[in-house]
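Protein chains in written order, with the numbering used here: chain A, 656 to 1044; chain B, 656 to 1044. In what follows, a structure is listed as structure tokens, so that the remarks can point back to it.
Number of protein chains: 2
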Amino acid sequence: MENFVHSIPTELYFGKGQISKLGDALNRFGKRVLLTYGGGSIKKMGLYDEVMKILSEGGFTVVECDGIEPNPRIESVIKGVKLCKENNIDVVLSVGGGSTLDCSKAIACGVYFEGDDLWKMVKSEWKLKKALPLVDILTLSATGSEFDGAGVISNMATDEKIGAMFTYPAVSICDPTYTFSVSKYQTAAGSADIMSHIMEGYFSRTDDCDISDGIAETVLKTVIKNLPLALREPDNYTARGNLMMASSVACSGIPEYGKQGTGWPCHGLEHELSAFYDITHGVGLAILTPRWMRHILKKDASTTGRFVRFAKNVWGLSGGSEEVLALKGIYALESFFKESGIASNLTELNITEEYFGKMADHLEAEADLKNAYVPLTKEDIIEIYKACL
Amino acid sequence: MENFVHSIPTELYFGKGQISKLGDALNRFGKRVLLTYGGGSIKKMGLYDEVMKILSEGGFTVVECDGIEPNPRIESVIKGVKLCKENNIDVVLSVGGGSTLDCSKAIACGVYFEGDDLWKMVKSEWKLKKALPLVDILTLSATGSEFDGAGVISNMATDEKIGAMFTYPAVSICDPTYTFSVSKYQTAAGSADIMSHIMEGYFSRTDDCDISDGIAETVLKTVIKNLPLALREPDNYTARGNLMMASSVACSGIPEYGKQGTGWPCHGLEHELSAFYDITHGVGLAILTPRWMRHILKKDASTTGRFVRFAKNVWGLSGGSEEVLALKGIYALESFFKESGIASNLTELNITEEYFGKMADHLEAEADLKNAYVPLTKEDIIEIYKACL
């Protein structure tokens, strides 16, 4: 059991109609609001109008920063920071999923970044001291960005995708009804993201943290139970609500409290993939994770016990030798992703092995793979990518 | 699934040696410290000296408020508030278990209470707006006071014991090694308190909150696994650490997120008991809880499904009819408390039925028993007390 610090300052308003708290939340910080959002889905679902009505009635001055990409780019951060500075913004309001929120976190920090190259901020400033306050309304259960301080920003010019610690939202409004209109594909990809956040920490050398491991297994079982329900009945409040709670807990750090860090290898592997191919993060994770699991199980037999626990406690499996049970659990995960409608290999996404070497070089230089649960070499990385074809 | 708000501003430093963060934590708020503690166990274990050394080297001015009772009294609150006002205190530092911390929360709020009767504050001011900042060093895994805003204060003059919402600690230092010297009896009683916090919320009419229920079951299973280990090996860091994490999660509200409130009937029943007899809170709860369970299961058969879930998911039981399985789970809980060395009835504590009527009258007037999982009448309350003899 390792030492840890719990410090999550975010206030989270969960449930139907919690948007009624928006005006009060913003008023704590000021009247000049930067409204950030993506491609317009919030307009289609009517949320944009609802937000604008509240902002107008509350006497807020609104500056819009729209068009934030699914894998948000540094250009959007630069644009947002410029708008904040030009308009003397008091508070950033992010309406959307994890990408919009990640970008908004970087914008909130970027306003106070001393330097003219914001990509340098993303790459180097792990602990930024000051940021504009950030309020968000969540529309996708996936990244957990509503309950953590991190964000992931891409730079297509350098084929890089970097995760950094920016700032926690001051207030997150999490209303499951806003996810009713999320497509089956995005719902499944988001759930793969949630599960991946858990699994990256679950597979660790620390075996004695009963609270953290139990919470991790709870989140996995919650997704396994509720994703199929949400796919069948997109308006099922219970299913959407459970997935939303799972999203927030998964990335909060809580399921890893007391556990040795693992370097999150699958996230690293996926960031390379989507930096090169701009694919959906959760889809990349769903393809990579079972292959990574099989690779490390084969490479290091001391992982077998943890995989057996995964098979038993998460999937309710039993019987067979330890080795067989370990593989059964991985197969159950792979089947679950497949049944949820996610592409099951990279070939389906028209990805070839062309850049695998380059991606592995990047990853070796950038990521913390030596401290992974099973440390990965460049050869391991290429082998895992190839198994995904 | 009900709406909820997550808002826990406490920073929690968990693990060996985290006392090294004490100086910095206090320095955020000022140099004049009210040091609160209980009967001297912190002196016996050397923690008092360790704290005083840090305070002296950090240049803090220390005013001591010692002798805080196990069921803290309003007189200690009055004394602490007076010391704060007389000495222009900047920050309260509580070193001890939940009782010391509860009292310190009331002191921190009492400094800003406008009125001359602090018992009125305890009884009526549910949401106090302002309080002195509070830092604590925890020495007992039990009440969860290190990670919530509530406290319980007793008034022996009026035979009352009242739980109120005061203020969250700004910083909690949770080092499991400080619980190595806790007696077997107090360790077991503290664990009963932790389990009771969970069970009061677990038995609710809301059945669709998979994250909350899974976390609740995790905490219960963690205590069931780690309490016997801590009793056998008081210096076992893993066992003590898991109990300490369980304590913080149990009372945080997280295991009840999205669930209908239940009025916490066992806590109400126990508060009356210890208001009249000054017994250890966790012991009272351990005696009351299985009796309360049997009473409501018999009174309202619609609770059977939840008790079956409790038996299966928490105790790993199976087989028999639903009714039998429900009772098996309750029996497992009762046996667990008994094996951990807690008194198993009120007669052992020299308590007779003399005041049961008066206690039931008090409870009916004070507590929210109409909204309990199974609403309780005065007759129910007396019957539960009698079953405890």
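Glycine included, each C-beta is placed from N, C-alpha and C at the ideal position. No experiment lies behind these values; they were computed from the predicted model shown.
Minimum Cβ-Cβ distance from residue i to chain B less than 8 Å
{"i": "D865 (chain A)", "result": "yes"}
{"i": "A901 (chain A)", "result": "yes"}
{"i": "S851 (chain A)", "result": "no"}
{"i": "S675 (chain A)", "result": "no"}
{"i": "H1017 (chain A)", "result": "no"}
{"i": "T822 (chain A)", "result": "no"}
Spatial distance of residue i from residue j (CA atoms)
{"i": "Y833 (chain B)", "j": "P889 (chain B)", "result": "11 Å"}
{"i": "D853 (chain B)", "j": "D814 (chain A)", "result": "Per the sequence shown, residue 853 (chain B) should be read as Ile rather than Asp. For I853 (chain B) and D814 (chain A), the distance between alpha carbons rounds to 48 Å."}
{"i": "G923 (chain A)", "j": "L943 (chain A)", "result": "11 Å"}
{"i": "D745 (chain A)", "j": "R946 (chain B)", "result": "56 Å"}
{"i": "N742 (chain A)", "j": "C764 (chain A)", "result": "16 Å"}
{"i": "V750 (chain B)", "j": "L710 (chain B)", "result": "13 Å"}
{"i": "S999 (chain B)", "j": "F992 (chain B)", "result": "8 Å"}
{"i": "G695 (chain A)", "j": "K778 (chain B)", "result": "51 Å"}
{"i": "L898 (chain A)", "j": "Q841 (chain A)", "result": "13 Å"}
{"i": "E1008 (chain B)", "j": "T665 (chain B)", "result": "42 Å"}
{"i": "A987 (chain B)", "j": "T716 (chain B)", "result": "51 Å"}
{"i": "A930 (chain B)", "j": "I663 (chain A)", "result": "36 Å"}
{"i": "A981 (chain A)", "j": "L1018 (chain B)", "result": "53 Å"}
{"i": "G806 (chain A)", "j": "C829 (chain A)", "result": "18 Å"}
{"i": "L1044 (chain A)", "j": "L1001 (chain A)", "result": "5 Å"}
{"i": "K686 (chain B)", "j": "K734 (chain B)", "result": "21 Å"}
{"i": "G799 (chain A)", "j": "E730 (chain B)", "result": "46 Å"}
{"i": "T755 (chain A)", "j": "Y668 (chain A)", "result": "19 Å"}
{"i": "I909 (chain B)", "j": "V874 (chain A)", "result": "14 Å"}
{"i": "M707 (chain B)", "j": "K699 (chain B)", "result": "14 Å"}
{"i": "P1030 (chain A)", "j": "R949 (chain A)", "result": "14 Å"}
{"i": "F858 (chain A)", "j": "D955 (chain A)", "result": "13 Å"}
{"i": "L793 (chain B)", "j": "I723 (chain B)", "result": "15 Å"}
{"i": "I674 (chain B)", "j": "E801 (chain B)", "result": "15 Å"}
{"i": "C864 (chain B)", "j": "L795 (chain B)", "result": "30 Å"}
{"i": "K983 (chain A)", "j": "A1020 (chain A)", "result": "34 Å"}
Buried versus exposed call for residue i [16 or more other C-beta atoms within 10 Å across all chains shown]
{"i": "S990 (chain A)", "result": "exposed"}
{"i": "D1035 (chain B)", "result": "buried"}
{"i": "G672 (chain B)", "result": "exposed"}
{"i": "V660 (chain B)", "result": "exposed"}
{"i": "D704 (chain B)", "result": "exposed"}
{"i": "V979 (chain B)", "result": "exposed"}
{"i": "G1012 (chain A)", "result": "exposed"}
{"i": "R728 (chain B)", "result": "buried"}
{"i": "N726 (chain B)", "result": "buried"}
{"i": "E769 (chain B)", "result": "exposed"}
{"i": "E712 (chain B)", "result": "exposed"}
Any chain A beta carbon closer than 8 Å to residue i
{"i": "N658 (chain B)", "result": "yes"}
{"i": "E666 (chain B)", "result": "yes"}
{"i": "I870 (chain B)", "result": "yes"}
{"i": "K876 (chain B)", "result": "yes"}
{"i": "G670 (chain B)", "result": "yes"}
{"i": "S859 (chain B)", "result": "no"}
{"i": "S662 (chain B)", "result": "yes"}
{"i": "N897 (chain B)", "result": "yes"}
{"i": "T873 (chain B)", "result": "yes"}
Where the alpha helix (DSSP H) containing residue i begins and where it ends
{"i": "L738 (chain B)", "result": "I729 to N742"}
{"i": "M899 (chain A)", "result": "Y892 to A905"}
{"i": "F992 (chain B)", "result": "E977 to E994"}
{"i": "A805 (chain B)", "result": "Run containing A805 (chain B): none in the alpha helix (DSSP H); it sits in the beta strand (DSSP E), A805 to N810."}
{"i": "D865 (chain B)", "result": "D865 to R887"}
{"i": "R683 (chain B)", "result": "That residue, R683 (chain B), is in no alpha helix (DSSP H); it is neither H nor E in DSSP."}
Residue span of the beta strand (DSSP E) that contains residue i, given as start and end
{"i": "F659 (chain B)", "result": "F659 to H661"}
{"i": "E666 (chain B)", "result": "E666 to F669"}
{"i": "M820 (chain A)", "result": "E815 to M820"}
{"i": "S749 (chain B)", "result": "V746 to G751"}
{"i": "L789 (chain A)", "result": "L789 to L793"}
Proximity test, residue i beta-carbon vs the ligand FMN heavy atom, cut-off 7 Å
{"i": "T665 (chain A)", "result": "The ligand FMN is not part of this structure, which contains no ligands at all."}
Inset, instruction - Select from the stretch 763-776 of chain B all residues with a C-beta closer than 9 Å to any C-beta belonging to chain A, and list them in chain order. - result: none
Inset, instruction - Taking a Cβ distance cut-off of 8 Å, strictly less, list which residues of the stretch 960-981 of chain B are near chain A, in chain order. - result: none
Legend entry - Cβ-based contacts, 7 Å cut-off: residues of the stretch 690-708 of chain A near chain B: none
Legend entry - Residues of the stretch 877-895 of chain B with Cβ closer than 8 Å to any Cβ of chain A, in chain order: T877, K880, N881, Y892 and T893
Legend entry - Contact residues within the stretch 904-927 of chain A, judged by C-beta distance below 8 Å to chain B: V904, Y912 and G913
Inset, instruction - Anything in the stretch 985-996 of chain B with a Cβ closer than 9 Å to a Cβ of chain A? List those residues in chain order, please. - result: none
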